[in-house]
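Chains as they are written, first to last, in my numbering: chain A, 1 to 224; chain B, 225 to 448.
Protein chains: 2
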Amino acid sequence: MRAESVPEPTLRRLPSYYHYLVRLREKGQEMISAAQIGEDLGVHHTQVRKDLAVTGSQGKPKVGHRVEELIVSIENFLNWNNVTDAFLVGAGHLGTALLGYAGFERAGVKIVAAFDANPKMVGKKIQGVSILPMEKFTDLARRMHIGIGILTVPAEVAQETAEMMVGCGVQAIWNFAPIVLDLPQGVIVENVALYSSLGVLSRKLSVHRKALLAKASPEPVASE
Amino acid sequence: MRAESVPEPTLRRLPSYYHYLVRLREKGQEMISAAQIGEDLGVHHTQVRKDLAVTGSQGKPKVGHRVEELIVSIENFLNWNNVTDAFLVGAGHLGTALLGYAGFERAGVKIVAAFDANPKMVGKKIQGVSILPMEKFTDLARRMHIGIGILTVPAEVAQETAEMMVGCGVQAIWNFAPIVLDLPQGVIVENVALYSSLGVLSRKLSVHRKALLAKASPEPVASE
DNA sequence: GGCTAATCGATAATTTTGTATCGAGATGAA
DNA sequence: TTCATCTCGATACAAAATTATCGATTAGCC
Ligand SMILES: NC(=O)c1ccc[n+]([C@@H]2O[C@H](COP(=O)([O-])OP(=O)(O)OC[C@H]3O[C@@H](n4cnc5c(N)ncnc54)[C@H](O)[C@@H]3O)[C@@H](O)[C@H]2O)c1
Ligand SMILES: NC(=O)c1ccc[n+]([C@@H]2O[C@H](COP(=O)([O-])OP(=O)(O)OC[C@H]3O[C@@H](n4cnc5c(N)ncnc54)[C@H](O)[C@@H]3O)[C@@H](O)[C@H]2O)c1
């Protein structure tokens, strides 16, 4: 009941453990130690233990954890074995890529319909998911008790679209637009900040290159 | 020169300030205070000041910062005004979505070519970017001094593809596959962990719903 | 059966990140 | 001009996250 107090960094690492473990299982491995996970994923082994501890799974000294058990624990913890229906709004480049992806269902999210304001998109079907006109959103979302909204519309209309979703009972929004949504307290928003990612990349690359240059040139002992 | 010591959370917030500021500029606003930015983006105002400070931009008491100046500072800091050429490998659902997106160039990344192992994809052109066969990667990447590789291949081949990229001089990899790449020290890897994002979303939603249920039901004073 | 080595899980120390405080500078009004 | 007020930026404090330490447990081996 005090389960909300799980550190968010832990939450973010769990899926990467999960995928790693699934690959181990495919290879037929049954046991795994926290130390090995840490080494392979670049996480400190004590950190791995803490992270896995929140899922409730226990390891045994000398042998480590059962791969299968860990997988199930993580699935349970993240609620990945209960599928929640989601609506996607904005079936453009990114939206269709997400629709075409089969992998989200194992992460508890099933896109059951898509919506777009562009009449040219409406009526199409992608991977079995129909693209419907915006007018249908309100009614359908309410009737189907849609809990998750996936937002892949242009940034200019992201705020209003999100508000519309929330008005129809959507409790969580997966936001791909580069904007901070202002929504009622209690609504869960998860931003996929691709630009943040690019910012980090650009900055690191630029620093990296400057460091290389500095090493190459004589550098007259500047600064302390 | 000690510029590497910028906190990564700061790096991740800068792009969101950037987009916010660009929208302000479009609206014609010239000045902005750290307090206002903080309120609009849900960041503490002292944090905003610290973040902006790393870019070197200074504000003036009583009036705040010049919007235009801040934008330029952030661009400089992230090196977003120097465009670096990038190759994309894996022109599938996600790869084509990225190719179709015009917005990355303003973030200093220009996708100049795409590569795919599937002969059906090869030869196509998306937004002016040609999809080439994998055989051409090595030679072209070396000759064009490609610094950034964008990885949108299936997870099974992500590791080997990344190694191939690094072998051709690629210094930074933007990885969309749900796998932790094991690459030589010094190579910059930025993971877009969509599943992490989904993990956080699922977990929060599940906790949120349990909390709602608990409030609705009588709850006979369980737990300690 | 007892010893060794590996691993776990709890607790403590350190580092990083975020928040609050406070003096100083700038603006505009009295 | 002088004053009140707003905002900045530096410094101090608090919280969170990561890393290190250490005793406990167990499998395998002699
Ligand atoms: N494609 C990418 O690689 C990428 C990368 C980073 C961020 N994004 C962000 O994702 C979002 C979508 O990007 P995209 O490349 O798919 O854009 P897009 O233009 O291809 O798709 C947007 C879709 O939304 C629809 N739309 C527009 N207004 C609408 C409205 N009011 N209601 C419903 N639908 C509406 C359009 O018809 C279009 O199909 C944008 O916010 C963009 O900034 C995309
Ligand atoms: N599409 C999504 O929404 C989404 C979401 C999360 C993660 N991902 C990840 O992104 C990656 C790509 O996903 P996708 O949906 O675009 O898959 P996809 O199958 O549509 O595209 C993969 C592309 O890579 C090409 N390819 C396969 N093997 C290759 C090789 N050895 N060398 C070069 N190209 C090769 C294929 O021909 C295909 O065009 C995957 O790792 C996936 O897990 C995608």
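For each residue, glycine too, the CB sits at the ideal point set by N, CA and C.
- Judged by DSSP secondary structure, B/ILE298 falls within the alpha helix (DSSP H) whose first and last residues are 291-302.
- When Cβ pairs closer than 8 Å are counted between the two stretches, the region 157-167 of chain A is seen not to touch the region 69-86 of chain A, the count staying below three.
- Within chain B, LEU235, ARG236, ARG237, LEU238, PRO239, SER240 have C-beta atoms less than 9 Å from the C-beta of A/SER196, given in sequence order.
- Contact holds between the region 416-424 of chain B and the region 10-24 of chain A, because three or more Cβ pairs, one in each stretch, are under 8 Å apart.
- Annotated three-state conformation of B/ASP406 is coil, per DSSP.
- Taking C-alpha positions only, B/GLN282 is separated from B/SER257 by approximately 11 Å.
- By the C-beta criterion, the region 44-57 of chain A is judged not to be in contact with the region 81-88 of chain A, since fewer than 3 inter-stretch pairs fall below 8 Å.
- Against chain B, the CB of A/THR84 has a partner CB under 9 Å away; the residue lies at that interface.
- DSSP lists no bridge partner for B/PRO239.
- Taken from the Cβ of A/ASN118, at least one heavy atom of ligand 1 lies inside 8 Å.
- Close partners of A/LEU24 in chain B (Cβ separation under 8 Å) are lacking, with about 13 Å as the shortest Cβ gap.
- At a cut-off of 9 Å between beta-carbon atoms, B/ILE295 makes no contact with chain A.
- Every unbroken stretch of the beta strand (DSSP E) spanning 3 or more residues and falling wholly within the region 123-190 of chain A is given here in chain order: 129-133, 148-151, 172-175.
- With three or more CB-CB distances shorter than 8 Å, the region 372-379 of chain B counts as touching the region 318-338 of chain B.
- For A/LEU213, there are no neighbours in chain B by C-beta distance under 7 Å, as the nearest C-beta there is about 11 Å away.
- Measuring C-alpha to C-alpha distances from A/GLN47 to each of A/LYS27, A/ILE179, A/LEU11, A/ILE173 identifies A/LEU11 as the nearest.
- Exposed is the label assigned to B/ASP406, since fewer than 16 other Cβ atoms lie within 10 Å of its Cβ.
- By the rule that beta-carbons nearer than 9 Å mark a contact, B/PRO343 does not touch chain A.
- Per DSSP, the unbroken beta strand (DSSP E) holding A/ALA113 starts and ends at 109-116.
- The residue among A/ARG142, A/LYS27, A/GLU105, A/VAL89 with its C-alpha nearest the C-alpha of A/MET121 is A/VAL89.
- In the assembly as shown, A/VAL109 is a buried residue. Its beta-carbon has 16 or more other beta-carbons within 10 Å.
- A/ALA214: not part of any beta strand (DSSP E); member of the alpha helix (DSSP H) spanning 194-216, first to last residue.
- Relative to ligand 2, the nearest heavy atom lies less than 8 Å away from the CB of B/PRO402.
- Around the beta carbon of B/ARG427, a 10 Å sphere encloses 16 or more other beta carbons of the protein chains shown; the residue is thus reported as buried.
- Residue-level contact by beta carbon fails for A/ARG66 and chain B, as no gap is shorter than 9 Å.
- In this structure, the CA atom of B/VAL394 is about 22 Å from the CA atom of A/ASP40.
- Distances taken from the Cβ of A/TYR101 to the heavy atoms of ligand 2 include one shorter than 8 Å.
- Within the same chain, and ignoring the five residues on either side of A/VAL180 in sequence, the residues whose Cβ sits closer than 8 Å to its Cβ are ASN191.
- Bridge partners of A/VAL89 according to DSSP: A/PHE115, A/LEU151.
- In the three-state scheme derived from DSSP, where H, G and I count as helix and E and B as strand, A/THR84 is classed as strand.
- Straight-line spacing of the CA atoms in A/GLY42 and A/LEU52 works out to 15 Å.
- Within the chosen limit of 8 Å, ligand 2 reaches the beta carbon of B/GLU384 through at least one heavy atom.
- Rounded to whole angstroms, the separation of the alpha carbons of B/ILE355 and B/VAL246 is 33 Å.
- Of the heavy atoms belonging to ligand 1, none sits nearer than 8 Å to the Cβ of A/MET165.
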